[in-house]
Amino acid sequence: MSEKQTPMLDIILSAHEMDEGQLKGRLVVVIDVLRASSTMITALANGATKIYPVEETDQAFRLVQNMDRKQVLTLGERNGVMIEGFDYGNSPVVCTPEVVDGMQLIMTTTNGTRALEYSKGAEEILVGGFLNFTSVLDHVAKAMSKGLPVTLFCAGWRGRPSIEDTLFAGMILRSLLERDDTDVDPLSDACQIAVCLAQRLGTNDPYELVNQSDHARRLAEHVSEDEIQLCCSMDRYPVLPRMQDGTIELSNR
Ligand code: MLT
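Counting in my numbering, the sequence shown runs from 440 upward without gaps.
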């Protein structure tokens, strides 16, 4: 990475603990297309008031004990399967207005909520997925034009990269490269890998590639293809979920 030690745009390919201060002063976009980001975006767009992401199942059970049970739902999975004792799994399909409107959600997932935890300490933290692609892209471009460096933080799967999150990051980067006024040089290896994947896609419909991912195959036992398709819908909800002081709410930009 020659002279520039802190690139204007960087991509992390899977959730792992950050070095202290690594994300300080940066806008971080946490990406877990299958499915934590997609669930959070859908829930907030459909009226959930706040999300409490927690790393461990026990934390969720402790938190809910001190809350008004009529106003809070627990959503979560381990290895894609709903956690026993929770109200729902981690799924955008269950987050209809009838279920989530006016509710607070406590969520824990295998990788997505972990990436959020590791992002604490960043200047600003957003949740991104195909469902809010353009809202994220515009916000990232604006932040960079004001000199705020950006990290696209893919949750991946248990420390490994995943096609769906890398593709999302690559599509954001590809779009930024198409805008002449955005300074993204020098590109790290992770950035080059992500952009190559996005270029392979050619179109703007991520479903075909995402459906070939390890996680889509893992989920095939538990969820329908429609759910994968839903997570790949571009710009269905033009919203920006932002995490502040440990909880996620919709930002008014
Ligand atoms: C995760 O956090 O790893 C995912 O959201 C898993 C899932 O598909 O539920």
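Here a beta-carbon is modelled for each residue, glycine too, at the ideal position from N, C-alpha and C.
Contact set for residue i: own chain, Cβ-Cβ below 7 Å, skip 5 residues either direction
i	result
Met440	Only weak support is given to the placement of Met440: the predicted model assigns it a pLDDT of 44, under 50, and the value that follows is read from those uncertain coordinates. Closer than 7 Å at Cβ, skipping near neighbours: Pro446, Pro625 and Ser627.
His484	For the record, residue 484 in the displayed sequence is Ala; it is not His. These residues qualify, in order along the chain: Tyr676 and Val678.
Ala582	Leu466 and Val589
Ile470	Ser476, Gly567, Gly568, Leu591, Phe592, Cys593, Ala594, Asp604, Phe607 and Ala608
Under 8 Å between C-beta atoms of residue i and residue j
i	j	result
Leu565	Leu606	no
Val662	Leu448	no
Ala482	Val539	yes
Ala475	Met542	no
Ile611	Leu576	yes
Glu516	Thr549	yes
Glu494	Glu556	yes
Leu591	Ala608	yes
Ser601	Ser558	no
Arg599	Ser453	yes
Cys670	Pro531	yes
Leu462	Leu658	no
Cys635	Ile450	no
Contact test: residue i Cβ vs the ligand MLT heavy atom, cutoff 7 Å
i	result
Asp422	Here the chain has residues from 440 to 692 only, and residue 422 is not among them.
Thr686	no
Ala475	yes
Asn529	yes
His654	yes
Ala594	yes
Asp449	no
Asp471	yes
Gly598	no
Glu556	no
Gly567	no
Asn550	yes
Leu570	no
Leu615	no
Leu658	yes
Glu391	Any property of residue 391 remains undetermined from this structure, which presents the chain solely from 440 to 692.
Gly609	no
Contacting residues, own chain, Cβ-Cβ under 6 Å from residue i (five flanking each side not counted)
i	result
Glu442	Legend: pLDDT at Glu442 = 43, less than 50; position of this residue unreliable, no value from coordinates given.
Glu563	Leu466
Ile545	Tyr491, Ala499, Leu502, Val503 and Thr513
Gly464	Glu562
Phe572	Met673 and Asp674
Ser574	Pro677 and Leu679
Ile667	Asn650 and Ala655
Ser690	Leu679 and Arg681
Cβ-based neighbour list, residue i, same chain, cut-off 8 Å, excluding 5 preceding and 5 following
i	result
Glu688	Leu483, Thr488, Lys489, Ile490, Pro680 and Arg681
Val511	Val503, Met542, Gln543, Leu544 and Ile545
Thr642	none
Segments assigned alpha helix (DSSP H), at least 4 residues, entirely inside the segment 526 to 572:
Correct list: 536 to 539 and 551 to 558.
Report the residue ranges of all beta strand (DSSP E) runs contained in full by the segment 633 to 660; include only those spanning at least 3 residues, in chain order.
Taking 3 residues as the shortest admissible run, the segment 633 to 660 contains no complete beta strand (DSSP E) segment at all.
Along the chain, which unbroken stretches of the beta strand (DSSP E) at least 3 residues long are found entirely within the segment 453 to 530?
Counting only runs that start and end inside the segment 453 to 530, the beta strand (DSSP E) elements of at least 3 residues fall at 466 to 470, 489 to 492 and 511 to 517.
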